[in-house]
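J.: In the order they appear, the protein sequences are chains B and D.
Counting in the numbering used here, the first sequence runs from 1 upward without gaps.
Counting in the numbering used here, the second sequence runs from 1 upward without gaps.
There are 2 protein chains.
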Amino acid sequence: MKTGLALLGCGTVGTAVAEMLLAEKELLQERSGQSLELKHILVRNRRRKRAVKVPSRLWTTNPSDIWADPTVDVVVELIGGLEPARTLALAALRAGKHLVTANKHLLAVHGAELFAAAMKARRAVCFEASCGGAIPIIMALTRGLVANDIQRVIGIVNGTCNYILTEMSASQRTYADALAEAQAAGYAEADPTLDVNGTDSAHKLAILAALAFGAKVSFSHIEVSGIHGLQDQDLKYGRELGYVCKLLAIAEKSDHGISLRVHPTFLDQKQLLANVNGAFNAISVSGHAAGQTIYYGRGAGPRPTASAVIADIVEASMGTAAMVFAGLPLLTRRKSMPIVPTRDILSRNYLRMTALDVPGVMHHITGILGQQGISIAAVVQHESSVGQYVPLVVITHEARDGAVTDAVKKIDRLRCIRGHTVRIRIMEP
Amino acid sequence: MKTGLALLGCGTVGTAVAEMLLAEKELLQERSGQSLELKHILVRNRRRKRAVKVPSRLWTTNPSDIWADPTVDVVVELIGGLEPARTLALAALRAGKHLVTANKHLLAVHGAELFAAAMKARRAVCFEASCGGAIPIIMALTRGLVANDIQRVIGIVNGTCNYILTEMSASQRTYADALAEAQAAGYAEADPTLDVNGTDSAHKLAILAALAFGAKVSFSHIEVSGIHGLQDQDLKYGRELGYVCKLLAIAEKSDHGISLRVHPTFLDQKQLLANVNGAFNAISVSGHAAGQTIYYGRGAGPRPTASAVIADIVEASMGTAAMVFAGLPLLTRRKSMPIVPTRDILSRNYLRMTALDVPGVMHHITGILGQQGISIAAVVQHESSVGQYVPLVVITHEARDGAVTDAVKKIDRLRCIRGHTVRIRIMEP
Chain B
1 MKTGLALLGC
11 GTVGTAVAEM
21 LLAEKELLQE
31 RSGQSLELKH
41 ILVRNRRRKR
51 AVKVPSRLWT
61 TNPSDIWADP
71 TVDVVVELIG
81 GLEPARTLAL
91 AALRAGKHLV
101 TANKHLLAVH
111 GAELFAAAMK
121 ARRAVCFEAS
131 CGGAIPIIMA
141 LTRGLVANDI
151 QRVIGIVNGT
161 CNYILTEMSA
171 SQRTYADALA
181 EAQAAGYAEA
191 DPTLDVNGTD
201 SAHKLAILAA
211 LAFGAKVSFS
221 HIEVSGIHGL
231 QDQDLKYGRE
241 LGYVCKLLAI
251 AEKSDHGISL
261 RVHPTFLDQK
271 QLLANVNGAF
281 NAISVSGHAA
291 GQTIYYGRGA
301 GPRPTASAVI
311 ADIVEASMGT
321 AAMVFAGLPL
331 LTRRKSMPIV
341 PTRDILSRNY
351 LRMTALDVPG
361 VMHHITGILG
371 QQGISIAAVV
381 QHESSVGQYV
391 PLVVITHEAR
401 DGAVTDAVKK
411 IDRLRCIRGH
421 TVRIRIMEP
Chain D
1 MKTGLALLGC
11 GTVGTAVAEM
21 LLAEKELLQE
31 RSGQSLELKH
41 ILVRNRRRKR
51 AVKVPSRLWT
61 TNPSDIWADP
71 TVDVVVELIG
81 GLEPARTLAL
91 AALRAGKHLV
101 TANKHLLAVH
111 GAELFAAAMK
121 ARRAVCFEAS
131 CGGAIPIIMA
141 LTRGLVANDI
151 QRVIGIVNGT
161 CNYILTEMSA
171 SQRTYADALA
181 EAQAAGYAEA
191 DPTLDVNGTD
201 SAHKLAILAA
211 LAFGAKVSFS
221 HIEVSGIHGL
231 QDQDLKYGRE
241 LGYVCKLLAI
251 AEKSDHGISL
261 RVHPTFLDQK
271 QLLANVNGAF
281 NAISVSGHAA
291 GQTIYYGRGA
301 GPRPTASAVI
311 ADIVEASMGT
321 AAMVFAGLPL
331 LTRRKSMPIV
341 PTRDILSRNY
351 LRMTALDVPG
361 VMHHITGILG
371 QQGISIAAVV
381 QHESSVGQYV
391 PLVVITHEAR
401 DGAVTDAVKK
411 IDRLRCIRGH
421 TVRIRIMEP
C-alpha cells in the first residue's frame, strides 16, 4: 500500500527522516510492507541550503498545500516547541491526516487537546519518538504491558544529563567540565538549560505517567530538580558508599494517588539502571503481572529518533495506529487521579552539610533530625582540626520527604553550618 | 467490543491466564478497552482438580466445541510441545480463529506452516509470550524497530541457565549445587535437559532471528552448546580477568549471510548484559538507525507469561494483530539467506588446559596455536611443582572459530595434556 507523507520542519531529525525515507525506501518497503512516499516538506525558508538532497518540488512554505493534498495520509511534525507546532498539528488532524510527532514539550502541555482533535477526526496521534528516542517505550507501555496494573515508571530519559553524570563519575570531573565535554561531543546544546534543570525529563515523565496509569497528568504536577547544582564531591562520597547518581524521572502509584518527580538520585551501583552510562536512556516499568521490565537505548540523536518516527509512520500506514488510538482508553479516556505531593513520599536521603568542627555540632543536627522523626543510618566525617569547616555526610533511614525538607531548612539556619545542605534522595532496589 | 476466547491447556500459564481474565476483567477492560470473555478451556481430563475457579461449563475435552462456536474469536494455545499443539493450532486457524501461542518449540519447528495457514485463513498468529516472557520483544523487533536493518540480536533467553550461572558466580557454587538450588527455587524443572543444554535458547533464537532478518531460519541451522559442562573454576578464572559468563543466543548478519549460535560466553563485567542476574532475561538488538537497544524482564513464570499472552489477545481483539500479520513481510514473506557456519566467525577465546608442568609444554601449545594462525593475548599459569598437572589458561586474540576448534583438538592429543580443553568464547563490547 502507498502512503503519502509530509514533514513539518527539516532540522536534524527531519533531515534524518527525509534521508531514510528517500535513500532507504527499498529497505523500508521490504521490512514494513509499506510504500512510504514523501510528498512535501514544510520549511520557513525554501532557499536555505539543506543537508538532505530531495527533489525541489517537495519543499513548501505553505502548510495549506499539505492539508489540501488528498495523497497525504500522514503528517510528521518535527518542528519542536509549542508554536507553530501546536497550530499546525491541529490543522493536520482537522484536515484528516494522521499525526506523527516527536515533540514531548507539545504533548506534555497540549496532549489532551491534540488527542481530542484526533478522536474527533478519527485519526491517530503517534508519538513513539517523544520519549526515549529509539526505544519503543510508548508501544511497550501502552500495548506490550496492556494487561498490567502499572505501579511504577522510573526513567533515565535525558541523555545530556546522563552523559554529564557519567563523565563526572567516571573521570571525576566537575559539573562545568563535564558539561563542556558534553557540548563538545554534541550531547548538549549551546543552551542546555531545559536539559540540566530537569524540564525535558519532566516533559517525558508527563507523557509516560499518563500512559502508565491512564491518568490525566499535567506537567505542572511534577516536582522537578535538575543536576546543575551537583558537585563532584557528592558523587565521590556517594561512590564511597556504593551509590551512583542518576537524574531519575519517577512516577509511582499508591492507594493515595500518583506521585511525579524528577530529581538526582543515588542508586545502588549493582542496579541495572545505575549501569546505564553516557548518552543512553533506560526506562524501568513495574507491572503487577509482568514484574519489572527495562528498556534501554539511545534517547536522542537524528537517526535513533528517525527510527522511532518511521515506526510510527508504518503503524499509521498499516492502519493499526488509528485502531489503537480509537481502542485504548489509556490514550484518550484518561481518569483524574489525585496527586500525592513529594512531601508525602518516603525515601532515604544523602545529606551533606558543611559544618564547623566544634563541640555540639553533631548534637544540634541529630536533634533537628530526631524532632522530625528522621533516624540516621550512617554518618561519614573525616578527621579534621577543631575550628575548621568540614563536610559532614549523613545517610538517613526512610523518612517522609517533607520532614527531611523541613529538617534541612532548620539545619541550614544553624550558626555552625555554612551554605546549604546538599540533599540527594536514595532509591533502594 | 466483546471478544470470545478459548484456552487450549490449563497448566501453570493457562491457569494464570484464566485467573487474570476472570478475576481482573475490569482492569483489563479499563486498560485495553476490550471486553475479553473466556468461553472454553480445553483439557484432557475434566474431572481433575484445578487451581483456578471457573464456571464448570467452560471446561471441555472436545476441541470441536471450540471450532464450532461462532462467539470464539481467539484461541490461545498453552499446551506446549509439538503434538497435539500443532494439530489443534492449525485446526483453530482453519476454523477462522486468531491464534495466540506461547509455544516456542512449535514456532521454531513448524512456524512457517502455522503462518501459511493463518495467511490463508486471513487470521493472525500472535506469539509475544514465546520469547522473553513478559518482555514485549516480538513487538519491539517487528514493529518498534521496523525501520532498521538489524545487524545483531544477542539474548539471555533462558532464565534457568542464567539463574544457575548467577549462583555459580555470586556464591561460587558448583554447577550441580547451583542446579539443585534452581530446582528448589522453582527456576528449573525436575528434568532440566532442554534448558541447560541450550535447546530452549535455540528455539527462541530461531524465532528472534527470523523476525530480525526477515529470513527463513530453521532450528537446525543453530549451533548449540549448553552450560552443563561448565566448571566453577572457569567462572573463577574469568572473574579474575574481568569476565562474567552468560549463556548467549546470538544471531548476526554479515555480507556472507547470517550466523546463529548458542553458547556460554564471557562478557566484560561492565557490559549491561553481564549485569543481568538470576532468572531474568535480556535481549540486545542492534539496528543501523536505532543503534543498540536492550529489553530486560522476567523470561518465565506464570504471571509474566500471562502478561504477554493477554497483550496478544488484546491485539487480536482490537483487530491490529490481523493487520500486522497481513502487512509485515517479516512474518510471512521471509527470504532465504545463506547460513554462515560458526567455524567462519571471528572471536576471542578463553581456553583452559590441564597441562603437565614439564619443560616444553608451553612450546607445544603455542606451536599448535601459531600453526592455526591464532595469536595469544594473555596466559595465566599459577606457580606449581614440576611434574604436576596444572590449569593453564590462554586468552586468544580474535581468531577464526574453526581454527580454534582444530587447535583445541590437536592440543587435547598432546601427551602432556590431560582431559579436554575447556573453551569459552569471549564477546567484546
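Each residue gets a CB set at the ideal place from its N, CA and C atoms; glycine is no exception.
Among B:379, B:208, B:94, which has the Cα closest to the Cα of residue 113 of chain B?
T.: Along the first sequence, read from residue 1 onward, the residue named residue 113 of chain B stands at position 113. When only C-alpha atoms are compared, the closest one is B:94.
J.: Got a sec: which bits of the stretch 282-297 of chain B sit with their beta carbon under 7 Å from any beta carbon on chain D, in order along the chain?
T.: Taking 7 Å as the Cβ-Cβ cut-off against chain D, the residues of the stretch 282-297 of chain B that qualify are 287, 289, 290, 291, 292, 293, 294, 295, 296, 297.
J.: How would you list, in chain order, the residues of chain D whose beta-carbon sits under 7 Å from the beta-carbon of residue 148 of chain B?
T.: Position 148 of the first sequence holds residue 148 of chain B. Within chain D, the residues near residue 148 of chain B are 307.
J.: Report the option in B:325, B:368, B:374 whose CA atom is closest to the CA atom of residue 122 of chain B.
T.: If you number the first sequence from 1, residue 122 of chain B lands on position 122. When only C-alpha atoms are compared, the closest one is B:325.
J.: Is it right to say residue 204 of chain D is buried, meaning 16 or more other beta carbons lie within 10 angstroms of its own, or is it exposed?
T.: Position 204 of the second sequence, counted from the first residue, corresponds to residue 204 of chain D. When all chains shown are included, residue 204 of chain D counts as buried.
J.: Since I believe residue 313 of chain B is in contact with residue 260 of chain B (beta carbons under 8 Å), could you give me their beta-carbon distance rounded to a whole number of angstroms?
T.: Indexing the first sequence from 1 puts residue 260 of chain B at position 260. Indexing the first sequence from 1 puts residue 313 of chain B at position 313. That pair is no contact at about 30 Å.
J.: Have a look at B:287, B:423, B:187 and flag the residue whose alpha-carbon is nearest the alpha-carbon of residue 266 of chain B.
T.: Counting from one through the first sequence, the residue named residue 266 of chain B turns up at place 266. Closest option to residue 266 of chain B, Cα to Cα, is B:423.
J.: If you reduce the DSSP assignment to three classes, tell me which class residue 254 of chain D lands in.
T.: Looking up residue 254 of chain D in the second sequence gives position 254. Reduced to three states, the DSSP call for residue 254 of chain D is strand.
J.: Here's the rule I'm using: 16 or more other beta-carbon atoms within 10 Å means buried, otherwise exposed. How should residue 21 of chain B be labelled?
T.: Within the first sequence, numbered from 1, the residue matching residue 21 of chain B stands at position 21. Answer is buried; the Cβ neighbour count reaches 16.
J.: Would you say residue 135 of chain B reaches chain D, if we count a Cβ-Cβ gap shorter than 8 Å as a contact?
T.: In the first sequence, the residue the question calls residue 135 of chain B occupies position 135. With 8 Å as the cut-off, residue 135 of chain B counts as an interface residue toward chain D.
J.: Excluding the 5 residues flanking residue 236 of chain D on each side, which residues of the same chain have their C-beta closer than 8 Å to its C-beta?
T.: If you number the second sequence from 1, residue 236 of chain D lands on position 236. If we look at residue 236 of chain D and ignore the five residues flanking it on each side, its Cβ neighbours are 172.
J.: Comparing the C-beta of residue 166 of chain B with each C-beta of chain D, is any distance below 8 Å?
T.: Translated into positions along the first sequence, residue 166 of chain B becomes position 166. Taking Cβ atoms only, chain D never reaches closer than 8 Å to residue 166 of chain B, which makes this a no.
J.: Output yes or no for whether 8 Å exceeds the beta carbon distance between residue 52 of chain D and residue 5 of chain D.
T.: Here residue 52 of chain D refers to the residue found at position 52 of the second sequence. Here residue 5 of chain D refers to the residue found at position 5 of the second sequence. For residue 52 of chain D and residue 5 of chain D, no; Cβs fall outside 8 Å.
J.: State buried or exposed for residue 273 of chain B, treating a residue as buried only when at least 16 other CB atoms are found within 10 Å of its CB.
T.: Counting from 1 along the first sequence, the entry for residue 273 of chain B is found at position 273. Residue 273 of chain B should be labelled buried.
J.: Look up residue 272 of chain B in the DSSP assignment and say whether it is helix, strand or coil.
T.: Translated into the one-based positions of the first sequence, residue 272 of chain B becomes position 272. Of the three classes helix, strand and coil, the one that applies to residue 272 of chain B here is coil, per DSSP.
J.: Do three or more CB pairs link the stretch 410-429 of chain B to the stretch 299-316 of chain D at distances below 8 Å?
T.: The answer is no - the stretch 299-316 of chain D does not touch the stretch 410-429 of chain B, with fewer than three Cβ pairs under 8 Å.
J.: Can you have a look at residue 360 of chain B and say buried or exposed, based on whether 16 or more other CB atoms are within 10 angstroms of its CB?
T.: Looking up residue 360 of chain B in the first sequence gives position 360. Exposed, since its Cβ has fewer than 16 Cβ neighbours within 10 Å.
J.: Taking just the CA atoms, how far does residue 287 of chain D sit from residue 224 of chain D?
T.: Within the second sequence, numbered from 1, the residue matching residue 224 of chain D stands at position 224. Within the second sequence, numbered from 1, the residue matching residue 287 of chain D stands at position 287. Looking at the two C-alpha atoms, the distance is approximately 24 Å.
J.: Measuring straight from C-alpha to C-alpha, what distance separates residue 377 of chain D and residue 232 of chain D?
T.: Residue numbering aside, residue 377 of chain D sits at position 377 when the second sequence is read from its first letter. Residue numbering aside, residue 232 of chain D sits at position 232 when the second sequence is read from its first letter. So the two alpha carbons sit approximately 23 Å from each other.
J.: Smallest Cα separation from residue 269 of chain D: which of D:254, D:255, D:248, D:238?
T.: Position 269 of the second sequence, counted from the start, is the residue given in the question as residue 269 of chain D. Nearest option by C-alpha distance: D:238.
J.: Indicate whether residue 352 of chain D and residue 405 of chain D have their beta-carbon atoms separated by less than 8 Å.
T.: Within the second sequence, the letter at position 352 stands for residue 352 of chain D. Within the second sequence, the letter at position 405 stands for residue 405 of chain D. In this structure, residue 405 of chain D does not lie closer than 8 Å to residue 352 of chain D by Cβ.
J.: Give every residue of the same chain whose Cβ lies closer than 7 Å to the Cβ of residue 289 of chain D, excluding the five residues on either side of it in the sequence, and list them in chain order.
T.: Here the question's residue 289 of chain D lines up with position 289 in the second sequence. Counting only Cβ-Cβ distances below 7 Å, and skipping sequence neighbours, we find 147, 148.
J.: Once you ignore the five residues that flank residue 15 of chain B on each side, which residues in its own chain have a CB closer than 6 Å to its CB?
T.: The residue given as residue 15 of chain B occupies position 15 in the first sequence. Excluding sequence neighbours, residue 15 of chain B sits near 51, 52.
J.: If we define contact as Cβ-Cβ less than 8 Å, is residue 171 of chain D a contact residue for chain B?
T.: On the second sequence, position 171 is the one that residue 171 of chain D refers to. Residue 171 of chain D does not count as touching chain B.
J.: Short of 7 Å in beta carbon distance, which residues of its chain neighbour residue 186 of chain B, apart from the five on each side in sequence? Order them along the chain.
T.: As a position in the first sequence, residue 186 of chain B is number 186, starting the count at 1. Cβ neighbours of residue 186 of chain B beyond the five flanking positions: none.
J.: Residues in the same chain with beta-carbon distance under 6 Å from residue 79 of chain D, minus the five sequence neighbours each way, listed in chain order, please.
T.: Locating residue 79 of chain D in the second sequence gives position 79, counting from the first residue. Excluding sequence neighbours, residue 79 of chain D sits near 8, 9, 85.
J.: Out of curiosity, what's the CA-to-CA distance linking residue 164 of chain D and residue 183 of chain D?
T.: Along the second sequence, read from residue 1 onward, the residue named residue 164 of chain D stands at position 164. Along the second sequence, read from residue 1 onward, the residue named residue 183 of chain D stands at position 183. If you take the alpha carbons of residue 164 of chain D and residue 183 of chain D, they lie about 10 Å apart.
J.: For the alpha helix (DSSP H) holding residue 196 of chain B, just list the boundary residues, first then last.
T.: As a first step, residue 196 of chain B is located in the first sequence; it is residue number 196 there, counting from the start. Unbroken alpha helix (DSSP H) run through residue 196 of chain B: 193-196.
J.: Rounded to whole angstroms, what's the CA-CA distance from residue 32 of chain B to residue 76 of chain D? Just pull it up for me.
T.: Working through the first sequence from its first residue, we reach residue 32 of chain B at position 32. Working through the second sequence from its first residue, we reach residue 76 of chain D at position 76. Cα to Cα, residue 32 of chain B sits roughly 26 Å from residue 76 of chain D.
J.: Using 8 Å for Cβ pairs, my map puts residue 282 of chain B next to residue 294 of chain B. What's the rounded Cβ distance?
T.: Your numbering for residue 282 of chain B matches position 282 in the first sequence. Your numbering for residue 294 of chain B matches position 294 in the first sequence. Residue 282 of chain B to residue 294 of chain B, Cβ: 6 Å. Contact.
J.: With DSSP as the reference, label residue 413 of chain B as helix, strand or coil.
T.: Sequence index remark: in the first sequence, residue 413 of chain B carries index 413 (1-based). Coil, per DSSP.
J.: By the 10 Å Cβ neighbour count, where 16 or more other Cβ atoms means buried, how is residue 103 of chain B classified, buried or exposed?
T.: Within the first sequence, residue 103 of chain B is the residue found at index 103, counting from 1. Buried: at least 16 other Cβ atoms inside 10 Å.
J.: For the 8 Å Cβ check, are there 3 or more pairs between the stretch 400-417 of chain B and the stretch 325-337 of chain B?
T.: No: the two stretches stay apart, fewer than three of their Cβ pairs being nearer than 8 Å.
J.: Does the Cβ-Cβ distance between residue 43 of chain D and residue 302 of chain D come in under 8 Å?
T.: The count along the second sequence starts at 1 and reaches residue 43 of chain D at position 43. The count along the second sequence starts at 1 and reaches residue 302 of chain D at position 302. Taking 8 Å as the Cβ cut-off, residue 43 of chain D and residue 302 of chain D do not qualify as a contacting pair.
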